[in-house]
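Written below as structure tokens is the structure these notes are about.
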């Protein structure tokens, strides 16, 4: 398909849920959907690969939407598979448009030309990036951003015992406070991924750049595989985030007074 045809096809790539939410936190779910636009012919993948965790984060969006409702917070989420473009990666990252993910080859991403990569960046990544920036600009009361993800219980044949990961980059303030508040699960810092794995792009691009509190929450997807589990997990997360903000408030007040 040529560039003109690709540009003429209108595909919604990002959406805002609860845009008028008043809680001073922006939720972001980059890997919310496994949709592959028809022009990519399923990227050459078999059906089981297209619905697997390599294409999206199962349960993450439903949990994030429940959390947005419980907190009354805005949520920005993607509508395109991360295999087309991973919105939690910068354009220069080799895995922004991967030609292999875990055990799967991605034929539709093999040998992409610079022009094809640029078109995907402009079509899928830039609108997502702009929506997050627009939301932050429109809500000056926002003090934090939280990105929501899920991970598979078994990776490359190895079971994962961690149930929830609390991830951060250079700014650990919110992660530290969430870890203090979180209970009831096997919860670990910067697991099963961390900054060295390139997973903190959104935190750096939109959080660190604005000096916003920020954290990435990774949930093992067998814990959010049903609507009931997603609602229950959202309740837990809301309690932890409220506790984290209460923990941070005295430090903020002290900083303002000095």
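Residue numbers (this note's numbering): 112 to 369. Built from N, CA and C at the ideal position, the CB exists for glycine as well.
Practice task
With DSSP collapsed to three states, give me the class of residue 325.
Solution key: strand
Problem - Straight-line Cα distance separating residue 200 from residue 310 - result: 7 Å
Handout entry: Close-in-space but distant-in-sequence residues of the same chain around residue 365 (CB under 7 Å, 5 per side omitted)
Key = Any answer about residue 365 is weak, because its pLDDT of 46 lies below 50 and its placement is not dependable; what the coordinates show is given next. None.
Problem - Cβ neighbours of residue 307 in the same chain (closer than 8 Å, five flanking residues each side left out) - result: none
Exercise for the section: Just confirm the distance between the C-beta atoms of residue 130 and residue 209, as a whole number of angstroms; I'd bet it's less than 8 Å. Expected result: The pair is not a contact, with the Cβ atoms about 31 Å apart (cut-off 8 Å).
Handout entry: Run of the beta strand (DSSP E) containing residue 258, from where it starts to where it stops
Key = 255-262
Practice task
Classify residue 150 as buried or exposed, calling it buried when 16 or more other Cβ atoms lie within 10 Å of its own Cβ.
Solution key: exposed
Exercise for the section: Would you verify that the beta carbon of residue 285 is, or is not, closer than 8 Å to some beta carbon of chain C? Expected result: Given the protein chain composition of this structure (a single chain), no chain C is represented.
Handout entry: Any 3 or more C-beta pairs closer than 8 Å across the segment 168-180 and the segment 138-157
Key = yes
Handout entry: Three CB pairs or more closer than 8 Å across the segment 280-298 and the segment 347-358
Key = yes
Practice task
Using the Cα positions of residue 347 and residue 219, report the straight-line distance between them to the nearest angstrom.
Solution key: 39 Å
Exercise for the section: Can you give me the Cβ contacts of residue 383 inside the same chain, cut-off strictly under 8 Å, excluding the 5 residues immediately before and after it? Expected result: Residue numbering for the chain in the displayed model covers 112 to 369; residue 383 lies beyond these limits and cannot be assessed.
Handout entry: C-alpha distance - residue 299 paired with residue 335, whole-angstrom precision
Key = 18 Å
Exercise for the section: Find out if the Cβ-Cβ distance for the pair residue 344, residue 122 is shorter than 8 Å. Expected result: no
Practice task
Have a look at 280, 329, 321 and 283 and flag the residue whose alpha-carbon is nearest the alpha-carbon of residue 297.
Solution key: 329
Practice task
Using three-state DSSP, classify residue 180 as helix, strand or coil.
Solution key: helix
Practice task
Go ahead and label residue 258 buried or exposed: buried means 16 or more other beta carbons lie within 10 angstroms of its beta carbon, across all protein chains shown.
Solution key: buried
Practice task
Could you work out which residue in 195, 143, 247 and 305 is closest to residue 236 when comparing CA atoms only?
Solution key: 195
Problem - residue 213 versus residue 126 - alpha carbon distance - result: 28 Å
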